[in-house]
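Visitor: First, the structure itself, so that you have it in front of you.
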Amino acid sequence: MSNTKFKEFSQLDLPGIDAEILKFWEAENIFKRSVEERDPENAFVFYEGPPSANGRPGIHHVMARTVKDLFCRFQTMKGKRVERKGGWDTHGLPIELSVEKELGITKEDIGTKISVAEYNQKCRETVMRYKDLWDDITKKMGYWVDLDNPYITFENDYIESVWHLLKMLYDKGYLYKGYSIQPYSPAAGTGLSSHELNQPGCYKEVSDVSAVAQFKIVRNEQSEWLFQKAAPDAPLYFVAWTTTPWTLPSNTALAAGAKLEYALIRTFNAYTHEPIQVILAKELVSKWFNTEQFDANISDYQAGDKLIPAEKLTTFKGKEIEGINYEQLLPFAKPEEGYGFKVLLGDFVTIEDGTGIVHIAPSFGADDRMVAAKYGVGHITLVDKQGKFDERAGEFSGRYVKNYKDDPDYRNVDIDIVIKLKKANKCFASQKYLHNYPHCWRTDKPILYYPLDSWFIKTTAVKERMAELNKTINWKPEHTGTKRFGNWLENLQDWNLSRSRYWGIPLPIWRTVSGEKEIIIGSIEQLKKEIEKANEILGLSQSVPDDLHRPFIDEVVLVSASGEKMIRESDLIDVWFDSGSMPYAQWHYPFENEEIFNKNYPADFIAEGVDQTRGWFFTLHAIAVMCFDSVAYKNVVSNGLVQDKDGRKMSKRLGNAVEPFETIAKYGADATRWYMISNSQPWENLKFDLTGLEEVKRKFFGTLFNTYSFFVLYANVDDYDCSDEPLPLEKRSELDQWVLSMLNSLVKDVAKDYEDYEPTLACRKIQNFVNDHLSNWYVRLGRRRFWKGEMSEDKKAAYQTLYECLLTIAKLIAPVAPFFSDFLYKNLNSVSRLENVDSIHLSHFPKAKSNFINPALERKMDYAQRITSLVFSIRKKEKIRVRQPLSRIMIPVLKGNFEQEVQAVAELIKAEVNVKDIEYITDASGLISKKAKANFKTLGRKLGKDMKAANEIINAFDGKQIALLEKEGRLTIEPNSNAYEISLEDVIIVSEDIPGWQVAQDGELTIALDTTISDELLLEGLARELVNRIQNIRKDSDFNVTDRIVVKISENQLLKQSLATFEEYIKNEVLADQIVFDDTVQSNEMEIAEAGVARLEVKRV
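For what it's worth, the numbering used here labels the leading residue of the sequence shown as 552, then goes sequentially.
So this is what it looks like as structure tokens:
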């Protein structure tokens, strides 16, 4: 017999457990051992999406990392070797903008007020500013990832691998330079890729000034036919609508739809009151004119009249106005690379809004640029890359088109342009317009579409292959892959790789001044050779810089085959390419670790927020497909947002952000993790509520802790020896067999849920088992077995069964609750020594014992639990205490073996609900009155106008009709002579109580409880109440569970009557040698149900 005692704890202290287990993990190298003790040939590959350490970790990072951690822990317990290499994302706009803010500079100051070298050094220092906080939250939340050997995107080895991938793309013809309209952020000073523009929250609803500008038609041979159809006393105009009036000075053309029909309308300008004739799409005339205007006499109009008359003169197709010239709207500058000011035809022109004529500014729109190029129309780029008008823009020169500088005195330039047009009789209409406009993902400022000379990756060349391989990836949830990601791939554009910044991976392309010759560098060795060649030909003495960043790499000059000097293209690459390269660059592939890379590619699993669908998830996929014709990952979980309890975005400004360190310190890491995973599926948005977290801590972890405490209390009293041979199943009680069946069914289900990346289902099933089955049923019903004196076979079976449940549950929760599970495991296994491992995370996930699973027994016990629950619900409603015995339950028999199955657990039910007898009836109609009501929620949609008549029919259902509906699940009714088949869900069936009985239902199951309390039942109830009070005094007095006692009770007639019948029962329950009545007792005055106030004295013998 073992002399070692199980550890007992006075209360649950999850933060204290965290600290104890963390110390143990670190002392014993548990994480390292969990990896190294698994077979390298049996790998489960996980990629860590690199965070940036220049910002503080938030509660949403705890959510994302819990999702990652739990699946890696599960696979480790399944015997897989799970390497978890950490990483840091160190480049890009977030770092640069934070440095600029800190130094009080803008992009324009770099290279003047501060050198590029100094600026980049500051970026290098800043990027790891919060690394200690990240390491701390990683440790405290129990996220196991290798932070000792992380990949860091600013290191030369990483950059070299990225260059290798770029060279692969170049050699395949996927990397090219082009001049096109691209999203551009003046606030950040760089172009953006389409996936950056599609990050969540980038499109914001804004209110802008819109304008319908009038473009005066030039009368010449081509347009003469129009003037012949027009009135002779007013000029002709094309009218075009825009939500960006700041682009109007750059207008060089108008676009019409070839097949659209246009109308010529004679009217007056609303601002100048001058007569005008305007051309717009016929379908949109009603948008800008109403019927009253056309009914009014145009010759009666006087300036200032509220009603402006209009007259439709003629209609024609868009094809007919192609090539017609108009006067330049705002003649600040002449077009470059061609002329313009004529009507073009474009298939993008619609009649959904506007006027059916589109204002074309080729400098600021992709469609504009394309159609202008087709017709040889030039462009006027009056706005610079800072987002302000240049010196050619007259009175608007130097003004920003949007408030990029957060100037409190900023005046909207759109308003002033519209005012200028109104005064010049060039504005037909103007109004506020609410629409979604793209903003920079990092500065939150509006972007421009701007002509950029950029390097692109030709992703469109492989978009079909990307879509094809995407179908082989297991997305959780599925619709993220098929819809969100799939639709993105369908509408894929070429990837704008260039960034006009300073801190990032330099584009490794050198070109001659003419641009005719170029070379791409794919390795440091290649660069070294090219430098040596340039040194020899050009007489230089340069070498490969120690730091591959700007400005050092910019100083490297190479030479073409013809001896021309080659300078590096000044751009950096998109920071998303950095992180998308991590499967290769984390190993410095292909320059080192080729075998390691091959074994770790592609990933079995990745997980990040849903915002990465068009970010990291896309770049991983694009690079893998284009370079290796492969997927980069096989399974991906995209987790949703973490919001406040009201569903709002968390922010410091709103004061609703949850601080992760404080939360973990107060509630513990495991309660936080478990709450996040069990509350909603990872891909759904989580409304984070601390009251829910408190409930998880109390109800789930508290219940499991109390179950452990119950076990160790009695196991220590009995010196329970865990080394005894387990009793065979058939030698254990039916209650043991049931809980072991439920436990093994749970193991089977939970393992499948984890395998299927459904952790929420797993957690909820475990919670349900612990709270409803293990604690509230098995332990409660089996409590007396642990109280019995000697170590009988039944008592041993109870200990062995409860130990197995606790140990198995510890393993099932280990992926999500790594601290508490190890606490349970260590405290159980350190005494039992049944497993020869130090930590639960070095053990193996349990396997379901199929021979232990007994569906018939589970079904029987389910009836018992449901009947018990129904009886308790009646007791609660009627305010009848559970300790008060009642005489009987009546249960209508359901189909199949219902009566036999319930009868098999009848004794258990009676003991649990404190009822003397169970009776079965085949016809409930005489005992239980049921009424039917229509379920308007489901029937209203089906029946429409027949609903009222159907409601009357359903209300009139008799017992036979209700019974038939319950049995068959459907019934046909004919309201207003129209036949409808209704189902059980379409009808609400309620049971009405029979006098002296109370009725309750759970689905098809109905019970009736006799609530009449006889004198004998009343006295028995008082005996049970007395037992309860004495037990409470024993507990408050810290008596041992084996102590014998003597009880004295003040004089009480009802208690005397109760004791006369139930004295032996009371003595056995409370371990009393003697119970006497003595009116001198002064202590422990208390209410004892119907007996009223009594005083009790309890003394140890």
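Glycine is no exception: its CB is placed at the ideal position from the N, C-alpha and C atoms.
Model, not experiment: these values are computed from the prediction.
Just to confirm, is the Cβ distance from ILE1505 to LYS691 under 7 Å?
Guide: The residue given as residue 1505 occupies position 954 in the sequence shown. The residue given as residue 691 occupies position 140 in the sequence shown. Cβ distance not < 7 Å, so ILE1505 and LYS691 don't count as in contact.
Visitor: Taking DSSP's pairing of strands, which residues face ASP1587 in a bridge?
Guide: As a working note, residue 1587 is residue 1036 in the sequence shown. None, per the DSSP bridge assignment.
Visitor: Between the alpha carbons of GLU1246 and THR617, how many angstroms are there, rounded?
Guide: Here residue 1246 refers to the residue found at position 695 when the sequence shown is read from its first residue. Here residue 617 refers to the residue found at position 66 when the sequence shown is read from its first residue. Looking at the two C-alpha atoms, the distance is approximately 19 Å.
Visitor: How is HIS1030 classed by DSSP in three states: helix, strand or coil?
Guide: As a working mapping, residue 1030 is identified with position 479 in the sequence shown. Helix, per DSSP.
Visitor: Taking contact to mean at least 3 C-beta pairs separated by less than 8 Å, is the segment 789 to 799 in contact with the segment 898 to 916?
Guide: These segments touch.
Visitor: Measure the C-alpha to C-alpha separation of LYS1607 and GLU1571 and round it to an integer number of angstroms.
Guide: Taking the sequence shown and counting its residues from 1, one reaches residue 1607 at position 1056. Taking the sequence shown and counting its residues from 1, one reaches residue 1571 at position 1020. Using only the alpha carbons, I get a separation of about 12 Å.
Visitor: If we ignore side chains and look at the alpha-carbon of each, how far apart do TYR1140 and SER1132 end up?
Guide: Along the sequence shown, one-based indexing puts residue 1140 at 589. Along the sequence shown, one-based indexing puts residue 1132 at 581. Their Cα atoms are separated by approximately 10 Å.
Visitor: Would you call the segment 634 to 650 in contact with the segment 1253 to 1266, where contact means no fewer than 3 C-beta pairs closer than 8 Å?
Guide: In short, these stretches do not touch, since the Cβ pair count stays below three.
Visitor: State buried or exposed for GLU1067, treating a residue as buried only when at least 16 other CB atoms are found within 10 Å of its CB.
Guide: Sequence index remark: in the sequence shown, residue 1067 carries index 516 (1-based). GLU1067 comes out exposed.
Visitor: I need the DSSP call for ASN1635, collapsed to helix, strand or coil.
Guide: Translated into positions along the sequence shown, residue 1635 becomes position 1084. Correct three-state label for ASN1635: coil.
Visitor: Under 8 Å by Cβ, that's how I've got ALA806 and LEU896 pegged, so tell me the actual separation to the nearest angstrom.
Guide: Sequence index remark: in the sequence shown, residue 806 carries index 255 (1-based). Sequence index remark: in the sequence shown, residue 896 carries index 345 (1-based). Going by Cβ atoms, the distance from ALA806 to LEU896 rounds to 7 Å, so yes, they are a contact pair.
Visitor: Within the segment 1523 to 1595, note down every full beta strand (DSSP E) run reaching 3 residues or more, in order along the chain.
Guide: Taking only runs of at least 3 residues, the beta strand (DSSP E) segments lying wholly in the segment 1523 to 1595 are 1531 to 1534, 1538 to 1543, 1548 to 1553, 1556 to 1561.
Visitor: With distances taken from CA atoms, which of CYS1178, LEU1325, GLU1235 is nearest ASN1295?
Guide: Here the question's residue 1295 lines up with position 744 in the sequence shown. When only C-alpha atoms are compared, the closest one is LEU1325.
Visitor: Mind checking whether ALA912 and ASP919 have CB atoms under 7 Å apart?
Guide: The sequence position of residue 912 within the sequence shown is 361, counting from 1. The sequence position of residue 919 within the sequence shown is 368, counting from 1. In contact: ALA912 and ASP919 (Cβ atoms closer than 7 Å).
Visitor: Can you confirm whether the segment 1039 to 1048 touches the segment 1002 to 1019 when touching is taken to mean that 3 or more C-beta pairs between the two stretches lie within less than 8 Å?
Guide: These segments touch.
Visitor: Since SER981 sits in a beta bridge, which residues does DSSP pair it with?
Guide: Walking along the sequence shown from the start, residue 981 turns up at place 430. DSSP lists ALA762 as partners of SER981.
Visitor: Can the beta-carbon of PHE1628 be found less than 7 Å from the beta-carbon of GLU1648?
Guide: Position 1077 of the sequence shown holds residue 1628. Position 1097 of the sequence shown holds residue 1648. Their beta carbons are not under 7 Å apart, which means PHE1628 does not touch GLU1648 by this criterion.
Visitor: Do ARG1101 and VAL667 have their CB atoms nearer than 7 Å?
Guide: Taking the first residue of the sequence shown as 1, we reach residue 1101 at position 550. Taking the first residue of the sequence shown as 1, we reach residue 667 at position 116. Result yes, Cβ atoms of ARG1101 and VAL667 sit closer than 7 Å.
Visitor: Hey, how far is the Cα of LEU1171 from the Cα of GLU1029?
Guide: In the sequence shown, counting from the first residue as 1, residue 1171 sits at position 620. In the sequence shown, counting from the first residue as 1, residue 1029 sits at position 478. Going from the Cα of LEU1171 to the Cα of GLU1029 covers about 18 Å.
Visitor: Say whether the segment 1434 to 1444 touches the segment 1559 to 1571, bearing in mind that this needs 3 or more beta-carbon pairs closer than 8 Å, one atom from each stretch.
Guide: Cβ pair count under 8 Å is three or more, so yes.
Visitor: Can you tell me where the alpha helix (DSSP H) holding ASP1413 begins and where it ends?
Guide: Against the sequence shown, residue 1413 aligns to sequence position 862. Segment 1406 to 1429, the alpha helix (DSSP H) holding ASP1413.
Visitor: How big is the Cα-Cα spacing for LEU621 and TYR1308?
Guide: Numbered from 1 along the sequence shown, position 70 holds the residue referred to as residue 621. Numbered from 1 along the sequence shown, position 757 holds the residue referred to as residue 1308. Spanning the two alpha carbons is a distance of roughly 10 Å.
Visitor: Give the C-beta separation of SER1284 and ASP1345 to the nearest angstrom, bearing in mind that I take them to be a contact with Cβ-Cβ under 8 Å.
Guide: What you label residue 1284 is simply residue 733 of the sequence shown in a count that begins at 1. What you label residue 1345 is simply residue 794 of the sequence shown in a count that begins at 1. Rounded, the Cβ-Cβ distance is 6 Å, consistent with contact.
Visitor: Give the secondary structure of LEU621 by DSSP, where H, G and I count as helix, E and B as strand, and everything else as coil.
Guide: The residue labelled residue 621 in the question sits at position 70 within the sequence shown. Three-state DSSP puts LEU621 in a helix.
Visitor: Could you spell out the range, first to last residue, of the alpha helix (DSSP H) harbouring TRP548?
Guide: One cannot answer for residue 548 here, as it falls past the ends of the chain, which runs 552 to 1652.
Visitor: Going by beta-carbon coordinates alone, are SER1292 and ILE1418 separated by less than 7 Å?
Guide: Here residue 1292 corresponds to residue number 741 of the sequence shown, with the count starting at 1. Here residue 1418 corresponds to residue number 867 of the sequence shown, with the count starting at 1. Contact: no.
Visitor: Which runs of the beta strand (DSSP E) spanning at least 3 residues fall entirely within the segment 960 to 1011, listed in chain order?
Guide: Within the segment 960 to 1011, the complete beta strand (DSSP E) runs of at least 3 residues are 978 to 989, 999 to 1008.
Visitor: Could you tell me which whole alpha helix (DSSP H) segments of length 4 or greater appear in the segment 747 to 817?
Guide: Qualifying alpha helix (DSSP H) stretches, in chain order: 775 to 780.
Visitor: Enumerated in chain order, which unbroken segments of the alpha helix (DSSP H) with a length of 4 residues or greater are wholly contained in the segment 1347 to 1414?
Guide: The qualifying runs are 1369 to 1383.
Visitor: Buried or exposed, going by whether 16 or more other CB atoms sit within 10 Å of the CB of GLY567?
Guide: In the sequence shown, counting from the first residue as 1, residue 567 sits at position 16. Label assigned to GLY567: exposed.
Visitor: Using only the alpha-carbon positions, how far apart do LEU1020 and ARG624 sit?
Guide: Looking up residue 1020 in the sequence shown gives position 469. Looking up residue 624 in the sequence shown gives position 73. In a straight line, the C-alpha of LEU1020 is about 28 Å away from that of ARG624.
Visitor: Can we say the segment 680 to 699 touches the segment 595 to 607, given the rule of at least three CB pairs closer than 8 Å?
Guide: Flag = yes, the segment 680 to 699 and the segment 595 to 607 touch.
Visitor: Where DSSP assigns a beta bridge to PHE1148, which residues make up the other side?
Guide: Counting from 1 along the sequence shown, the entry for residue 1148 is found at position 597. DSSP lists no partner for PHE1148.
Visitor: What number of angstroms, rounded off, separates the C-alpha of ARG1646 from the C-alpha of SER1609?
Guide: The residue labelled residue 1646 in the question sits at position 1095 within the sequence shown. The residue labelled residue 1609 in the question sits at position 1058 within the sequence shown. C-alpha separation (whole angstroms): 16 Å.
Visitor: Under a Cβ-count criterion, where at least 16 other Cβ atoms within 10 Å of its own Cβ denotes burial, should GLU1081 be classed as buried or exposed?
Guide: If you number the sequence shown from 1, residue 1081 lands on position 530. By the 10 Å Cβ count, GLU1081 comes out buried.
Visitor: Near VAL928, what residues of its chain come up, given a Cβ to Cβ distance below 6 Å and the 5 sequence neighbours on each side ignored?
Guide: Counted from its first residue, the sequence shown places residue 928 at position 377. Cβ within range, chain order: THR803, ALA804, GLY889, GLY891.
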